[in-house]
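The structure appears below as structure tokens.
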Amino acid sequence: MTQKVPDLTDLLRGAQRTAVHLEMRDGYMRDDPLLLRWLGGHRDDPADRTSWWNPWLQLMEETTSRGVDVRRARIVSEPASEYIRFEHEITFRNIASGEQVRWLPRWQATDLALPGNDFWLIDGRTLVVHHFSGEGDVVDHEVTKAPGTVRLCTSAFEAVWERAVPHEDFRLT
């Protein structure tokens, strides 16, 4: 019998202590409807939560309300890509859901040992590694508990987090 690979939503619902996410690309899913609306001039009104709240943000709010520490770190090039400008502008949503978000300019990460892929690490032991196409589309993900890989990703995330600037203080160039 084949064992079902848990998806990220299931893992986050089961998280007990921590969920950390490291993002290292300067662009994702260039056909994302939110990005396309933003490129067309749409801007969300932070005061009108019902207009931008969605199931992912609800999941994050449920996760953080259980006491799970959810942290997201983004390594970005400077000057920032258009996608990163979009992402920076809508990060108020992540903050509203209870996430902590920090940004690290790529030039400040040169001496850090980083994995080759973005990931989520749940409770310091379950790693969800994301694989993207060159255009930033999700190709696949893998779930692993391999101790060496988990150690590398834990160390990388914490090193980035220590240097990164909290969202409210980070200015794009």
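Start counting the sequence shown at 1477; every next residue gets the next number (my numbering).
Glycine included, each C-beta is placed from N, C-alpha and C at the ideal position.
Please read all numbers here as calculations on a predicted model, not as lab measurements.
Buried or exposed by the 16-neighbour rule on C-beta atoms within 10 Å, applied to residue i
i	result
E1565	exposed
S1573	buried
T1526	exposed
V1614	exposed
E1558	exposed
L1488	buried
R1578	buried
R1569	buried
E1634	exposed
Presumed contact (8 Å Cβ cut-off) between residue i and residue j, rounded CB distance
i	j	result
V1619	R1582	Actually they are not in contact, since the Cβ atoms of V1619 and R1582 sit about 27 Å apart, beyond 8 Å.
W1460	A1523	Outside the displayed range of the chain (1477 to 1649) lies residue 1460, so it cannot be described from this structure.
Q1576	R1550	Actually they are not in contact, since the Cβ atoms of Q1576 and R1550 sit about 12 Å apart, beyond 8 Å.
V1544	A1622	Contact flag wrong, Cβ pair sits at about 23 Å.
N1593	V1605	5 Å
Backbone CA spacing between residue i and residue j [nearest angstrom]
i	j	result
W1529	H1617	25 Å
V1641	P1482	32 Å
E1611	L1512	15 Å
T1567	L1588	25 Å
Q1584	R1639	8 Å
T1649	A1556	6 Å
T1540	E1554	31 Å
DSSP-derived helix/strand/coil call for residue i
i	result
T1478	Because T1478 carries a pLDDT of 43, less than 50, the predicted location of this residue cannot be relied on, and the following value inherits that uncertainty. Here T1478 sits in coil by DSSP.
V1538	Going by the sequence as given, residue 1538 is Glu instead of Val. E1538 falls in the helix class under three-state DSSP.
R1493	coil
D1508	coil
E1611	coil
L1588	coil
L1498	strand
H1518	coil
D1486	helix
P1555	coil
Limits of the beta strand (DSSP E) - the one that residue i falls within
i	result
F1595	F1595 to I1598
P1581	Q1576 to P1581
L1603	T1602 to F1608
R1548	D1545 to V1552
Boundaries (first-last residue) of the alpha helix (DSSP H) holding residue i
i	result
V1626	P1623 to R1639
R1561	E1558 to A1572
R1525	R1525 to W1528
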